[in-house]
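Here's the structure, in structure tokens; my notes come after.
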Amino acid sequence: MSQPDFLICLNCESPCYVFEWGDNGCEEALCQVCGNDEPDQFATEDDFDAIVIDHGEKQ
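In terms of the working numbering, the sequence shown opens at residue 8 and continues consecutively.
The structure is reproduced here in structure tokens:
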């Protein structure tokens, strides 16, 4: 997967432009809104859209 322009913080849903992208995805990230720095708590725009759609179908 190619490096995205931004990631979305799953804690506050803000776009994040401060991150390191590797072969396996997000390696490091920092949300400047909420301070989240857990790489597994960030998603690409496509992944975030899939989560939102999936969550909406379960309700």
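Heads up, the beta-carbon is just placed ideally off N, CA and C, and yes, glycines get one too.
Query raised in the report: Is Phe26 helix, strand or coil when you go by DSSP?
Result: strand
Query raised in the report: Where do the ends of the beta strand (DSSP E) carrying Gly42 lie?
Result: Looking at the DSSP string, Gly42 is not in any beta strand (DSSP E), and its letter there is neither H nor E.
Query raised in the report: Is the region 36-44 touching the region 53-61, taking contact as three or more C-beta pairs under 8 angstroms?
Result: no
**Report entry** Cβ distance (whole Å) where Phe55 is taken to contact Cys33 below 8 angstroms
**Finding:** With 8 angstroms as the limit, Phe55 and Cys33 do not qualify as a contact, their Cβ atoms being about 12 angstroms apart.
**Report entry** Length of the line joining the Cα atoms of Asp12 and Pro46
**Finding:** 16 angstroms
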